[in-house]
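As structure tokens, the structure follows; a few thoughts come after it.
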Amino acid sequence: MGSTSAFNRRDLVKRAAALGIVAVPAMGMLSACASGGGSDSDNKVEKGKKSAKNPLAVNESAGLDVVIFDGGFGDKYAKDAQSEYLKAFPKADGKVKLSSTQKIQSTLQPRFNGGNPPDLVDNSGAEQMDFGTLVGKDQLTDLSALLDAPSVDDPNKKVRDTLRPGVVEMGQFGGKETWILYYAYTVYGVWYSKSNLQKLDAEYPETWDDMLALCAKAKKKGVAGWTYPGKYPYYLPFSLYPFIAKIGGAEVLRKIDNLEPNAWKDPAVKAAFDAYYELYKKGYVLKGSPGLDHLQSQKAWADGKALFIPNGSWVENESAKQIAKNPNFDLAVGAPSSLSDSDKMPYGTIWASGGEPYIVPRKARNAEGGMELLRIMLSKKSSQNFIRQVSSLTSLNGGTEGLKLPPGLASAQVALEKAGQNIVNPRLQDWYVALQKERIGVGALGEMMAGRLTPDEAIKKIQKYADDTRDDSSVKKYKR
Amino acid sequence: MKHGKYRFIAGFLVLPLAIYAIFVISPFVQAIYYSFTDWTGLSPDMKMVGLDNYARLFQDDVFWSAVGNSVTLLLLLPVVTLSLGLFFAFMLNVGGRRRKKAVIGGVRGSGTYKILYFFPQVLSVPIVALLFQFAYNPESGALNAFFDAVGLGNVQPDWLGDPQIALWCVMAAMVWANVGFYVVLFSAGMSSIPKDFYEAALLDGANRFNTFFRITLPLLWDTVQTGWIYMGILALDVSAFAFVQIMSVGPGGPDYSTEVLPLYVYQKTFRDGQAGYATAIGVSLLIVTLIFSAVVMRLGRRERLEF
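Note that the protein sequences, when read in sequence, are chains G and L. Quick note, my numbering runs 6 ahead of the 1-based positions in the first sequence. Quick note, my numbering runs 1 ahead of the 1-based positions in the second sequence.
Okay, here's the thing in structure tokens:
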């Protein structure tokens, strides 16, 4: 437009740029010290006096800084535990800070970099900080002191012995130290509504043939057999991985976790993939599932448009409103059906493992306080509080006595009892997040269930992804 | 005299330049420095690894598909958005039927259209992205319901779930969100073009096509060029990130079909704890941006028309 000023814009920009270039080298020196805040000056608070009431020797008047992931479980349970902490250490009143956020990493990254992290973190959600990196860079406190401390409810029992099987191991990364304490306990599997199955005169199919027959029956009535969040296809493994273990034994999953060569080429993987692919082929998967996110697919499923959905026990809380529309919904979880008589593990084999990973940073000022709060959270009182509030189990073994459990949680409890020792716990999703979620999930499983890859192609692709991860020196490797 | 002028100008620029240097230049320098380290982003200790990160880039398939998608966005998004913006603005201001007294005017109801076009601008990016995500929902979304309603029940694409069309779906949302701004920008530009130009052209028997390409477009060229750069940066930058992050499968999928450079930077930093590598990707994004603006500057260089 008609501007006619004495010198034009471009000239001005040029001159400003020239000045900027002169300024750059000077700034380089400034920036060199911009991230150097990690001096190891010991800023920890002094330890308190060890006593029966205070086994971790918490400094009674020290402040406590806690950051909670504000996700499906909210933060009320942690606040309740915090008031228990204050009851135990009244002198800390006013100095205990609890904040909750969904953006764990963007909130905490600068604090980790600067060397002043909080005392306890619930490192969960979409912005979970990478555990491999945290452990590899020595940023976490070993929680063994907490595990060896007496439990709140029974002074003769160590905290370690009150936890569900597998929880402590999950927090370890190949060594003796336990870096992470998983507070929630999640049961993964095939989730369904008992009443929706009853409408078809059916029970949960314990064999794959029954599963296919039921899906065929449902299809005639215009109901899909399965749906899944195609936007996040890494939900599929929640029922697919234990299915693989059931067919070929837990060993297959262990090899997969260890990124062993050709681990994915195991016949059990192929058999499981073929079975799921058949669901797609025969039109038993709800149309459009590849484009749905987790909430949309859960809604379609809760509305009765599909019978089954691979999910975790948080679904009861997350879909509570939609499920409530049908008062007889009667949510339940099923273990993977048996593919054939030659399956290596019995029916009932299920994936259950810790959720809501809590960590105490290495540079926490009051690490003892952070651990003490965890110890309180693992008491029966706080655990039951958690169960009541968010209908999910905690890592505290038992602790459900005298509680009326909601249907989904009750069925999860039954499933756990039925599984007994046959609980599998694939580690891919906490060891190699990118591999599990993006590459295997979005890159292969999602493509296969959308019919764009055959099982053979998907396996080939996944094996290559796994090999790439193994050969990638920037990713820390783990073994189990 | 000339010297004095520069010193005079520089005197005024000291403060802004200092701020510019601290908040714009120094992060660039830092980023370039970090791209030579193995910084995780989660702890302050790191070591220099030389050009390792860049060597890794060349073998990273995901990086290359991100580059491909970003460049596709960069080439198509400005063309589509600006063309639509120009077309709409022309119709609103010049393209209408001739009426009494007024030499030129917009189509009937152009005032209403202006508001309609601009409306998406008042919505924030996440809301637009979510709206489109609902529309694309293959199971209960508006688009497939529409196909159903007009008797095309067999055509039920997975939209965002289909790697063939996912990027186009995201792009459509971005165009929708941005075109209104350019309608208004170009409208403002057009209203400053003297009416007698059009009058003369119309007397000579020019049709709308001619008036657009012979008068409107040349006189608007500066505005179009600005819009082009702005739109290009948007295609490479935050907007692309936000749309892809919110809308796409994965995000970045399915099968990396919507992965874009800024999203990949984000994923490497905040998911994989590889901030050093991420800054290397960021530097490559900077290079793409620089090439783009250089090309646009060169192509867009034209004689300045004064009127």
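Beta carbons are placed, not taken as given, at the ideal position from N, Cα and C, and that holds for glycine. Predicted, not measured: the structure shown is a model, and the values here were computed from it.
- For G/P333, the closest of G/A421, G/N202 and G/I356 by C-alpha to C-alpha distance is G/N202.
- Around the beta carbon of L/S125, a 10 Å sphere encloses fewer than 16 other beta carbons of the protein chains shown; the residue is thus reported as exposed.
- In this structure, L/L83 sits away from L/M191, with a CB-CB distance that is not shorter than 8 Å.
- For L/F271, the closest Cβ of chain G is nearer than 8 Å.
- Beta-bridge analysis with DSSP links L/I10 to no other residue.
- When DSSP states are grouped into helix, strand and coil, L/M49 belongs to the strand group.
- Judged by DSSP in its simplified three-state form, G/I356 adopts strand.
- Minimum Cα-Cα distance from L/M49 among the listed residues L/D61, L/Y35 and L/F187 corresponds to L/Y35.
- In summary, L/T38 is buried, with 16 or more beta-carbon neighbours lying within 10 Å of its beta-carbon over all protein chains present.
- Any Cβ of chain G closer than 8 Å to the Cβ of L/T41 would place that residue at the interface, and such an atom is present.
- At a cut-off of 8 Å, the C-beta of G/D136 has a neighbouring C-beta in chain L.
- Residue contact with chain G for L/G228: absent (no Cβ-Cβ distance below 8 Å to any residue of chain G).
- At least one CB of chain L lies nearer than 8 Å to the CB of G/T139.
- Contact between the segment 452-467 of chain G and the segment 268-279 of chain G is established, with three or more Cβ pairs separated by less than 8 Å.
- By the Cβ neighbour-count rule, L/V225 is buried, with 16 or more other Cβ atoms within 10 Å of its own.
- Exclusion of the five residues before and after L/A243 leaves V126 as the residues of its chain whose Cβ lies within less than 6 Å of its Cβ.
- G/A190 carries a strand assignment under DSSP once its states are collapsed to helix, strand and coil.
- Look at G/T107 here: in three-state DSSP terms it is strand.
- Annotation for L/N145: P139 and Q157 place their beta carbon closer than 6 Å to its own, counting only its chain and skipping 5 residues before and after.
- With 16 or more other CB atoms across the displayed protein chains lying within 10 angstroms of its CB, G/E324 is buried.
- Counting only runs of 4+ residues, the alpha helix (DSSP H) found wholly inside the segment 253-322 of chain G occupies 256-263, 273-287 and 300-308, in chain order.
- In this structure L/T113 is exposed. Its beta-carbon is surrounded by fewer than 16 other beta-carbon atoms within 10 angstroms.
- Using a CB distance cut-off of 8 Å, L/W169 does not count as an interface residue toward chain G.
- Short of 8 Å from the beta carbon of G/Q435, and not among the five residues preceding or following it, lie these beta carbons of its own chain, in chain order: Y240, P243, Q442 and K443.
- Around G/N317, the same chain offers W197, Y241 and F244 as residues with beta carbons nearer than 7 Å, after the five sequence neighbours per side are excluded.
- Residue environment for G/E362: buried (at least 16 other C-beta atoms within 10 angstroms of its C-beta).
- Contact check for G/I356 against G/A425 passes: the beta carbons are separated by less than 8 Å.
- For G/A472, the closest alpha carbon among the candidates G/D148, G/E266 and G/G376 is that of G/E266.
- Contacts with chain L at 8 Å (Cβ-Cβ) do not include G/V73.
- The C-beta distance from G/V165 to G/R381 rounds to 6 Å, short enough to fall under 8 Å.
- Spatial neighbours of L/T270 in its own chain (CB-CB distance under 6 Å, excluding positions within 5 residues in sequence) are listed in chain order as G42, A276 and A279.
- In this structure, the beta-carbon distance from G/I74 to G/D128 falls below 8 Å.
- Judged by DSSP in its simplified three-state form, G/V430 adopts strand.
- G/P413 and G/V193 have their C-alpha atoms spaced approximately 14 Å apart.
- For G/I74, the beta-bridge partners assigned by DSSP are G/S106.
- Within the segment 100-186 of chain L, the complete alpha helix (DSSP H) segments at least 4 residues long are 111-123, 126-137 and 143-150, listed from N- to C-terminus.
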